[in-house]
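First up is the structure itself, then whatever we jot down about it.
There are 2 protein chains.
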Amino acid sequence: MTDALPRGFRFAGVAAGIKKTGAADFAAVLSDATCSAAGVFTRNTFPAAPVLYDRELLASNPHGLRGAVVNAGCANACTGEEGLADAAEMARLAEAAFGAPPRSIAVMSTGVIGPRLPMDRIAAGAQAAAAALSTGSAAAAAAAIMTTDTRPKTAVRAAGSARLWGMAKGAGMIHPNMATMLSVIVTDAAVGPDELQGLLRAAVDRSFNSISIDGDMSTNDTVLVLANGAAGAVDADVFAAALDDLCTDLAQQIVRDGEGATKFISVRVRSAASDDDARRAAKAVANSPLVKTAFYGGDANWGRILAAVGYSGAAVDSSRAHLWIAAGTEDAFDSAGRLQLVGHGRPLPYSEEAATAIFGGAEIAVTVDLGLGEGSTTVWTCDLSHAYVDINGHYRT
Amino acid sequence: MTDALPRGFRFAGVAAGIKKTGAADFAAVLSDATCSAAGVFTRNTFPAAPVLYDRELLASNPHGLRGAVVNAGCANACTGEEGLADAAEMARLAEAAFGAPPRSIAVMSTGVIGPRLPMDRIAAGAQAAAAALSTGSAAAAAAAIMTTDTRPKTAVRAAGSARLWGMAKGAGMIHPNMATMLSVIVTDAAVGPDELQGLLRAAVDRSFNSISIDGDMSTNDTVLVLANGAAGAVDADVFAAALDDLCTDLAQQIVRDGEGATKFISVRVRSAASDDDARRAAKAVANSPLVKTAFYGGDANWGRILAAVGYSGAAVDSSRAHLWIAAGTEDAFDSAGRLQLVGHGRPLPYSEEAATAIFGGAEIAVTVDLGLGEGSTTVWTCDLSHAYVDINGHYRT
Chain A
349 MTDALPRGFR
359 FAGVAAGIKK
369 TGAADFAAVL
379 SDATCSAAGV
389 FTRNTFPAAP
399 VLYDRELLAS
409 NPHGLRGAVV
419 NAGCANACTG
429 EEGLADAAEM
439 ARLAEAAFGA
449 PPRSIAVMST
459 GVIGPRLPMD
469 RIAAGAQAAA
479 AALSTGSAAA
489 AAAAIMTTDT
499 RPKTAVRAAG
509 SARLWGMAKG
519 AGMIHPNMAT
529 MLSVIVTDAA
539 VGPDELQGLL
549 RAAVDRSFNS
559 ISIDGDMSTN
569 DTVLVLANGA
579 AGAVDADVFA
589 AALDDLCTDL
599 AQQIVRDGEG
609 ATKFISVRVR
619 SAASDDDARR
629 AAKAVANSPL
639 VKTAFYGGDA
649 NWGRILAAVG
659 YSGAAVDSSR
669 AHLWIAAGTE
679 DAFDSAGRLQ
689 LVGHGRPLPY
699 SEEAATAIFG
709 GAEIAVTVDL
719 GLGEGSTTVW
729 TCDLSHAYVD
739 INGHYRT
Chain B
349 MTDALPRGFR
359 FAGVAAGIKK
369 TGAADFAAVL
379 SDATCSAAGV
389 FTRNTFPAAP
399 VLYDRELLAS
409 NPHGLRGAVV
419 NAGCANACTG
429 EEGLADAAEM
439 ARLAEAAFGA
449 PPRSIAVMST
459 GVIGPRLPMD
469 RIAAGAQAAA
479 AALSTGSAAA
489 AAAAIMTTDT
499 RPKTAVRAAG
509 SARLWGMAKG
519 AGMIHPNMAT
529 MLSVIVTDAA
539 VGPDELQGLL
549 RAAVDRSFNS
559 ISIDGDMSTN
569 DTVLVLANGA
579 AGAVDADVFA
589 AALDDLCTDL
599 AQQIVRDGEG
609 ATKFISVRVR
619 SAASDDDARR
629 AAKAVANSPL
639 VKTAFYGGDA
649 NWGRILAAVG
659 YSGAAVDSSR
669 AHLWIAAGTE
679 DAFDSAGRLQ
689 LVGHGRPLPY
699 SEEAATAIFG
709 GAEIAVTVDL
719 GLGEGSTTVW
729 TCDLSHAYVD
739 INGHYRT
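Those protein sequence lines, which keep their order, are chains A and B. Sequential numbering of the first sequence, starting at 349, is according to the working numbering. Sequential numbering of the second sequence, starting at 349, is according to the working numbering.
So, in structure tokens, the structure goes:
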């Protein structure tokens, strides 16, 4: 497995005592050589301190990063000037422990909003991570960034002679704008920071920004890419495709592990008046608590899907809308077994048994055709279950 | 109780066999004299057939209405041209049964989206309602429009010599734009249709459009007012205040009876850059599943409140925000017992016990002060509980 990883990166995942449970809660990724870096961050107007720190770091030193450290258990959000100083100190502690130059390590935090970072434990985590860094510890790093995630999320891809590896954490608050979603992606391709930023932005829009768990957007969302160039230059299209594919893989893993999720739902909207309209409509369906509880209950209550499209803001001619459902992922959108429920805005006769079988399954593919234009998109979401309420009713305890 | 009702109206609530349970499912309100009428309808782009019918009716005959009939158990939504014909036929059946002129009865429907109205039962309902109409049956009418509501919702107010009475149904899908919310309000004040429309629009914005259960907006939302003039003219300000107060009372009853609701939450945003910004921020808090599950769990996870404000689109300077919580309704916003959790964007030291006691209570008042301008608003919402998931996972069954 380590053979498939990008060359020149080491990883660590250790327990620093930040989580009350004693589980691993401090992760590190370190490149032997300096990297080009790019990042996409939350648009929340209460950005967490590490987001503010990393934005500035990437702007001022996009050619000179060496790695990143991530803690789980405390978000360092809504912590004011002191929080910003803590984020800078977390970076400094990691740089010192790793023997990396100043201003070369990015920082990320995830967990409860409000409390200050426990800096003594952050310091201990940096020391322990420095000792644990190895090319074989990628899985340990991915495990250490989990919060309510039930499993670590990693993916690898090849792009010509280069490789890409990424880890992500998600679970709750996943939304259009990447709520409480952290991802670190590393590659040995040689790519400049500007090109990397453009490719990352496009890949994130098609992946992490096309998923929804509950419609919330967090203070800490960050996707960071580091490229150390050890494998030399790679064809730009090949690299872009690999990055897209890697991000989509990680994003779908996040949906499948959404808080309390029991189903994976692909929502395609096509023939919308515009791509923006398609996105609005698909997101409204994916974010609707009524749709998501109906999926959870296996109830073929398709009227809620059209009702969500109807309040999305997308242009609609109700006499032109069609709706299909199918069992499976997006490969099933146009499958022979798909069931048309609505044609030209009217319910069609269908087998309630067949519909219930589809809604009762673990993977559901929904297509809404608005019959208006060329706009289309696909988003992924999960259902809303009792377990979601359990998890989020008592998150801090 | 009937003494307090507007003069010249009769009511009925009967079982027509539309609901599988056999419960009352057909309501009627009939005025002895013709009424001025006004209505506010859903903005969903898949409006249900009765919404289309009533919009046209009010536009063409705003001085000549006699009443309204409402069925529960079937929404007559997404039913195409046939559904529109069914809505017109429902009105015609009621007009014939009540001895009212053509085009004088408005129609409303609530229930499952998709199926056609069972017209034989609608016809039977109209006949039964005609036989049951009486001045003492207002409560029966309010009970007959319930779907997942656990209790009927009515309110009465005086405005000088005139009186107002209203009934509402709500429960799920309640949102900014009045999702699956029906209300019929009758008054014996003499008010022209144009004035009535303006007053209703303003009252609805401050009441039904300031509540949220789950952020969805239905295909059927309607608020209808009928004024028969039996009490003569009333001071316009007095009437407007009474209408506002009546609508707010009904709207708050809907929140308190939200699907699975265990708590009543008042969210005030003040010192926003504008009233629109205040509304955006308050709605984001009121609609956030993470905030609502935290309220349900009694977990003082206040960071989620600021995170929701942060993605609302409202202008924010994170160093100027303040947050208070208090036990009670909006009267408690500025009470001595309120607890400040955040000042100038930073967490303040507070008693975790006191915070937990407030979050654990049945009524919670939240104030967010953005420190930017004069914009303010208050919205009302409920928590997101296991019972919500139960109800909506199996609504049709």
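Cβ atoms here follow ideal geometry from the backbone N, Cα and C, with glycine treated the same way. Bear in mind that the values here come from a model prediction, so they are computed numbers and not experimental data.
Asked	Found
Pick from B:G645, B:A669, B:P410 and B:G693 that is closest to B:S733, judged by C-alpha positions	B:G645
Chain A contacts made by the stretch 417-428 of chain B, where a contact means CB separation under 9 Å	A423, A425, C426, T427 and G428
Chain B residues whose Cβ lies nearer than 8 Å to that of A:W672	Correct list: empty, because the minimum Cβ distance to chain B is about 15 Å.
Segments of 4+ residues assigned as alpha helix (DSSP H) that fall wholly inside the stretch 629-712 of chain B	637-645, 651-659 and 700-707
Contacts of A:G606 in chain B (Cβ-Cβ under 7 Å)	Under the 7 Å cutoff, chain B gives no residues; its nearest Cβ is about 12 Å from A:G606.
Residue-chain proximity (A:F394, chain B), Cβ-Cβ < 8 Å	yes
Nearest-angstrom beta carbon gap, A:G719 and A:R668 [assumed within contact, 8 Å]	3 Å
Extent of the continuous alpha helix (DSSP H) to which B:G577 belongs	Counting along the chain, B:G577 falls outside any alpha helix (DSSP H), though it belongs to the beta strand (DSSP E) covering T570 to G580.
Minimum Cβ-Cβ distance from A:G708 to chain B less than 8 Å	no
B:L547 and B:A588 closer than 8 Å at C-beta	yes
Chain B contacts made by the stretch 685-700 of chain A, where a contact means CB separation under 9 Å	L689, V690, H692, G693, R694 and P695
Segment contact, 8 Å Cβ cut-off, at least three pairs: the stretch 446-453 of chain A with the stretch 498-517 of chain A	no
Any chain B beta carbon closer than 8 Å to A:T458	no
Beta-bridge pairing of B:A480 - partner residues as DSSP gives them	B:A480 pairs with nothing; no bridge assigned.
A:M456 beta carbon near the ligand GDP (any heavy atom closer than 7 Å)	Of the ligands one can find in the structure shown there are none, so the ligand GDP has no counterpart to examine.
Pair within 8 Å by beta-carbon distance, A:I559 and A:D731	no
Cross-strand partners of B:N419 (DSSP beta bridge)	B:F374 and B:S457
Bounding residues of the beta strand (DSSP E) (the contiguous stretch that carries A:G431)	That residue, A:G431, is in no beta strand (DSSP E); its alpha helix (DSSP H) goes G428 to F446.
Proximal chain B residues relative to A:Y401, where beta-carbon distance stays under 7 Å	Those do not exist, as A:Y401 stays about 15 Å from chain B at its closest Cβ, beyond 7 Å.
Nonlocal neighbours in the same chain, by C-beta distance under 6 Å from A:S636, ignoring five residues either side	A656
Environment of A:H692 [buried if 16+ CB atoms lie within 10 Å]	exposed
B:N525, DSSP secondary structure in three states	Confidence at B:N525 is low in this model, with a pLDDT of 34, below 50, so the placement of that residue is unreliable and no value is reported for it.
Cβ-based neighbour list, A:E437, same chain, cut-off 7 Å, excluding 5 preceding and 5 following	M467
First and last residue of the uninterrupted alpha helix (DSSP H) at A:F394	Per DSSP, A:F394 belongs to no alpha helix (DSSP H) and is neither H nor E.
Top-ranked residue by Cα proximity to A:A703, from A:T677, A:I673 and A:A609	A:I673
Reduced DSSP secondary structure (H/G/I, E/B, other) of A:M494	coil
is_contact[B:I461, chain A] using C-beta, thresh 8 Å	yes
A:A590, enclosing alpha helix (DSSP H) - first and last residue	A584 to R604
Residues that B:A620 contacts on chain A, provided the C-beta gap is smaller than 8 Å	The premise fails here: B:A620 is roughly 12 Å from chain A at the closest Cβ pair, so nothing lies under 8 Å.
Among B:F394, B:A371, B:P450 and B:A396, nearest to B:T382 - alpha-carbon criterion	B:P450
Start and end residues, beta strand (DSSP E) containing B:G723	G723 to C730
Minimum C-alpha distance to B:V615 - residue among B:Y698, B:D593 and B:V714	B:V714
One or two residues paired with A:S485 in a DSSP bridge	Answer is none; A:S485 lacks a bridge partner.
CB contact below 8 Å: A:V532 versus chain B	no
Proximal residues, the stretch 458-492 of chain A versus chain B, C-beta separation under 7 Å	V460, I461 and G462
B:T567: contacting residues in chain A (beta-carbon distance under 7 Å)	A655 and G658
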